[in-house]
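First the structure, in the form of structure tokens, and then the observations on it.
In UniProt numbering, the protein residues as written are 1 to 324.
So, in structure tokens, the structure goes:
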């Protein structure tokens, strides 16, 4: 009986080299780990259960650590297994996508998958896309969008995330720091003229942005706390994106909490006004995140550098216009 099958962990003293990567064993581990069943994993790979079990044991012996706890009635990933499984899955996903792209068009590179929050995509990135394709016509970009705070649930090559500063294992670049203030239509501001900020927000309908997994009034509550005013931050309408909330504010008596730099064109055009000099940095920003290993991909590295440079230029332009 092997040390791994007896539940003994023996740390490797030499690093694993890619020349020795046991691809069949990794496929077996991925199949079993995704299903937490040797039987189901074997069925998925169309091989015998004993073959899958041998492959997993050989992988455990190579690593010197158990990947599954087999002691109970249900199969459970060990801590080592929890670390390895998502990385194996990502690697196989990448290989599958690249090989399918080559089959479909051998001359084309695989698309770079980028997540961008919807309002940033609409207000800032959309105008950049044409310029990017003019400079790099051979680079294919697949864009996804969601309303999450932090990293999206879908797998991407890089993600622009709306979040507060945090430390994780990703390479992180600040692209855009948010400066927010209540904004509304000019006629709404005129109707409430003479009120304090607290009275204005108490009397006007609040417009919210829904953020996945976050309380409804999170952003308004943070704003009120920083301005030291009382506010019932849960009332009012909620929208899937800040751009929708701002659009509604321009056509109604509602008040949206918006990034004044992102909506500078609407403010400059007089469609939107900032009725109170109460602009704050609420701690949120847009950060570009990607895995350190992916910087070895020259296309991903180039896209990252391009985004950083063009966001910096966009910020400089806003400053020159007197909007920063």
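Virtual Cβ for every residue (Gly too), placed ideally from N, Cα, C.
If only uninterrupted beta strand (DSSP E) runs of at least 3 residues are considered, those enclosed by the segment 88-156 are 112-115 and 141-144.
Taking all protein chains shown into account, residue 133 has fewer than 16 neighbouring C-beta atoms within 10 Å of its C-beta and is therefore exposed. In the structure shown, the three-state DSSP call for residue 159 is strand.
Within a 10 Å sphere around the beta-carbon of residue 102 sit fewer than 16 other beta-carbons, which makes this residue exposed. With respect to the C-alpha of residue 170, the residue from 178, 177 and 160 having the closest C-alpha is 160.
No Cβ-Cβ contact shorter than 7 Å links residue 56 with residue 42. Scanning the segment 193-271 for uninterrupted beta strand (DSSP E) segments of 3 residues or longer gives 206-209, 237-239 and 255-259, listed from N- to C-terminal end. For residue 168, the secondary structure class from DSSP, reduced to helix, strand or coil, is coil.
Its chain contains 259, 284 and 285 as the residues whose beta carbon lies nearer than 6 Å to that of residue 178, once the 5 sequence neighbours on both sides are disregarded; these appear in chain order. In terms of CA proximity to residue 115, 141 leads the group 141, 247, 91 and 98. Note on residue 213: under 16 other CB atoms within 10 angstroms of its CB, so exposed under the neighbour-count rule. Beta-bridge annotation (DSSP): residue 275 is not paired with any residue. A contact between stretches requires three or more CB pairs, one per stretch, nearer than 8 Å, and the segment 264-277 fails this requirement with the segment 142-156. Assigned with DSSP and collapsed to three states, residue 181 falls in strand.
Going by DSSP, residue 27 is part of the alpha helix (DSSP H) stretching over 23-35. Taken through DSSP and simplified to helix, strand or coil, residue 291 comes out as strand. Under the three-state reduction of DSSP output, residue 285 falls in the strand class. Taken through DSSP and simplified to helix, strand or coil, residue 59 comes out as helix. DSSP places residue 186 in the uninterrupted alpha helix (DSSP H) bounded by 186-191. Using a C-beta cut-off of 8 Å, the segment 72-83 makes no contact with the segment 220-237, since fewer than three inter-stretch Cβ pairs fall below that distance.
It is roughly 34 Å from the alpha-carbon of residue 162 to the alpha-carbon of residue 67. Excluding five sequence positions before and after residue 184, the CB atoms of its chain that fall closer than 6 Å to its own CB belong to 249 and 255, given in chain order. Annotated as distal: residue 149 and residue 244, with beta-carbon spacing of 7 Å or more.
Residue 75 sits in coil when the DSSP states are folded into three classes, being neither helix nor strand.
Only exposed fits residue 193, as fewer than 16 other CB atoms lie within 10 angstroms of its CB.
Ranked by Cα distance from residue 118, the options 44, 287, 144 and 48 are led by 144. Between residue 63 and residue 25, the gap from beta carbon to beta carbon reaches 7 Å or more.
Per the coordinates, the alpha-carbon of residue 37 lies some 56 Å from the alpha-carbon of residue 202. In terms of Cα proximity to residue 89, the closest of 206, 29, 138 and 287 is 29.
Annotated as proximal: residue 205 and residue 236, with beta-carbon spacing under 7 Å. Annotation for residue 41: the continuous alpha helix (DSSP H) segment containing it runs 38-45. Looking only at 246, 238, 198 and 95, the smallest Cα-Cα distance to residue 27 is reached by 95. Residue 273 is positioned such that its CB atom lies no closer than 7 Å to that of residue 181. Taking the C-beta atoms as reference points, residue 217 is found no nearer than 7 Å to residue 240.
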